Amino acid sequence: MTKTLNKPSDILTFILPAFIVFTLIVIVSIAWVFGVSFLDWNGMTGGKFVGFNNYRQLFFEDSSYWEIVGNTFLYTIYELLWQVLGGLLVAIFLTRLRHFRSILQTLYYIPVVISTVAICQIFTKFFSVVPSGVINSVLSLFNEEWAYLEWLSNPNLSLEVAAFAEGYKYFGLYMVIFYAALISVPQELEEAARIDGAGMLTQIMKIKLPYIKPVIISNLIIVLNGSMRSFDVSYLLTKGGPANTSQLLTPYMYKQAFNSLKYGYGSAVAITIVILCILLGVVLQKLIIKDDKEE
Amino acid sequence: MVIRKLNRGLPIIRILIAALLLIICIYPVFYVFMSSVKTTEDFQQQKPYELPSEITFANYQKIIEQGRILTYFKNSIIITLFTVLFILILASMAGFGLSKFSFRGNKTLRNYFNLGLMLPIQVSLIPLFYIFSRIDILDTYPAVIIPQVAFGLAFSIQLFYSFYKFLPNDVIESGIIDGCTPMQVFIKIVTPMAQNTYLTVATMQGVFCWNEFITTYTMTKSVGMKTVTLGLNDFVGTMGLTDWGATFAMIILTILPTLILYFFTNKHMVSGIAAGSVKG
């Protein structure tokens, strides 16, 4: 920061436009949703104040809500594995290569730039049962019966397949971030460890990972937060089904508000999502800042 | 030398892993392209992983003759351009203000914008849909652009902020001493230096916006307002079960622009993400 730039009028000129847009659209609308969550409202006419009724109904009468909360947490764990762990492993792998690092990184990143609508469509075709998609056709080469395996319509697998599709789309993003962090680890550290006779695994575990710990933690938070409010894949690929087996919180909220026209109820779901997201974000950040100070 | 060789592991295993990852990442695109040039007979008689027995562009022809794809592209281009433009202007100014201006509450304001990183856009769609319908702008470009700009700000401000933070203060102070206003310093001196950050934010937000689904899906109704992503989704809804060939051709047409953009600007996209996150 510089001392020359401190005139209030200049500060306003630069920051106010973004502040207004952000506040009006993001913050005010969330506050609005909070208000609506106490109403019984179809989104068009009237709207009746019902106090905590929506929340009471949500927490104590809506059995699908808790199933969906469970799904969302499980989904988040899968995403942590696919995106953070997967991204980290691929990044470590890239640093072990001598040639073609940059071209491979470019190509591994391709799923990130493809739209979720397209990815979901490709997955639908891949996992198709009738007619047999690529997956079942290849599997049927090994066992005829495997041609009829169900994936997206299988209540025991639909959440996993959706989680895989999302992990597939985004792991490249975290690979790139981890890779950049890993190659910024000072060569001398590695060199010293090698001279001390540390093997490859020890070097990674004892030198590299501790060095990039802040990056690992920030990626953990981003993925955790992103998966708690994940929408597109569940909405488009499995449509939450069969039944509610792959339903997640945000699409559930959306369907309550826009399809069932229960705006008040949908808003109550929305507020629980916002609280979860902020709580996870803030609590984790606090924990980490505390951790950093102790070091 | 010997230690280094041992340390690097067996080359054949590394090649295998690299190739396997490559197949996983590239094969879907390859498969879609391959299927998009297949004939109807091939779809009926071949295994889905087999290469086409003859190549046809009839599927592409069908989509182009249907005519809607041009409308989809027009809408996507307009929406993406304006969204990115507004994000660049608002976020670069705010990022500059937050990183170079000393005032009370600076840090609080930064945290306030960071809230945007944690909040889901779908939540805001509930009230925005209602408000936009009351002021009668549903099914117009602003209804799609405004929410995306607002929700794109948090991340973009952060990227600009982390760039400007490393920009020497002397640059700005000498400009001020030479008699420039802060706005002149920002436009004439700082902005040219931040070119790469602009490019990073523009390409990233451009790709996000091109691929965006739920805001456009919620805010638009008429076919004349649909974007490429929605067009693909509609197309799948009506043709997906019957006409696989045309569906694959449609997928290729919709992802081609982002793939081309990515291959020309991947240095900026990738390095920007990495730099923004690592510096944090």
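Protein sequences, first through last, are from chains L and Z.
Counting with our numbering, you get residues 23 to 317 for the letters of the first sequence.
Counting with our numbering, you get residues -7 to 272 for the letters of the second sequence.
Quick reminder that beta carbons are idealized off the backbone N, C-alpha and C, glycines included.
What you are looking at is a predicted structure, and each value in this text was computed from that prediction instead of being measured.
- Counting along the chain, L:S240 sits inside the alpha helix (DSSP H) bounded by residues K235 to M250.
- For L:D32, the enclosing alpha helix (DSSP H) stretches over residues P30 to F44.
- Contact of Z:C17 with chain L by beta-carbon distance below 7 Å involves L129, Y130, I132 and P133.
- In the DSSP assignment, Z:F255 is bridged to no other residue.
- Rounded to the nearest angstrom, the gap between the Cα atoms of Z:K180 and Z:G89 is 16 Å.
- With 16 or more neighbouring CB atoms inside 10 Å of its own CB, L:E101 falls in the buried class.
- Counting only the Cα atoms, Z:T210 lies some 11 Å from Z:K218.
- Residue contact with chain Z for L:G108: absent (no Cβ-Cβ distance below 7 Å to any residue of chain Z).
- In this structure, L:L107 sits away from L:F200, with a CB-CB distance that is not shorter than 7 Å.
- For Z:P40, at least one C-beta of chain L is nearer than 7 Å to its own C-beta.
- Using a CB distance below 7 Å, the part of the segment 152 to 180 of chain Z facing chain L consists of N161, I164, E165, I168, P174 and M175, ordered along the chain.
- Annotation for Z:D34: the continuous alpha helix (DSSP H) segment containing it runs T32 to Q37.
- The segment 40 to 87 of chain Z contains no complete beta strand (DSSP E) run of 3 or more residues.
- Just measuring C-alpha positions, the residue of Z:G198, Z:T230 and Z:S154 sitting nearest Z:S84 is Z:S154.
- Each residue's CA atom was taken as its position, placing Z:Y64 and L:Y77 some 41 Å apart.
- The Cβ neighbour count for Z:M175, taken over all protein chains shown within 10 Å, is under 16; the residue is labelled exposed.
- The shortest CA-to-CA distance from L:W104 to any of L:L301, L:Y192 and L:S240 is the one to L:Y192.
- Spanning the alpha carbons of Z:L222 and L:V135 requires a straight line of approximately 16 Å.
- Within 10 angstroms of the beta-carbon of L:S249 lie 16 or more other beta-carbons, which makes it buried.
- Under DSSP, the beta-bridge partners assigned to L:L61 are L:F71.
- CA-CA distance, Z:E165 to Z:K92, rounds to 11 Å.
- The alpha-carbon separation between L:I144 and L:N158 amounts to approximately 14 Å.
- Under the three-state reduction of DSSP output, L:S159 falls in the helix class.
- Relative to the Cα of Z:T208, the nearest Cα in the group Z:L109, Z:K30 and Z:L224 belongs to Z:L224.
- Closest by C-alpha distance to L:F253, out of L:L270, L:G92 and L:L246, is L:L270.
- Residues I137, Q140, V141 and C201 of the same chain have their beta carbon placed closer than 6 Å to that of Z:T75, with the five preceding and five following residues left out of the count.
- Using beta-carbon distances, Z:V182 does not count as an interface residue toward chain L, since no partner is under 7 Å.
- By the rule that beta-carbons nearer than 7 Å mark a contact, Z:A194 does not touch chain L.
- Rounded to the nearest whole angstrom, the CA to CA distance from Z:L111 to L:I234 is 27 Å.
- Distances from the CA of L:E172 to each of L:V198, L:A215 and L:G263 were compared; the closest alpha carbon is that of L:G263.
- By the rule that beta-carbons nearer than 7 Å mark a contact, Z:A11 does not touch chain L.
- Looking from the CA of L:S85, the closest CA among L:V112, L:I37, L:T294 and L:N266 belongs to L:N266.
- Under the 10 Å beta carbon count, Z:I127 is surrounded by fewer than 16 other beta carbons and is classified as exposed.
- Ranked by how close their Cα comes to the Cα of Z:R102, the residues L:S256, L:T35 and L:F44 have L:F44 in first place.
- Across the set L:I243, L:P177, L:L309 and L:I293, the C-alpha of L:I293 shows the shortest separation from the C-alpha of L:F81.
- Here L:Q278 is buried. Its C-beta has 16 or more other C-beta atoms within 10 Å.
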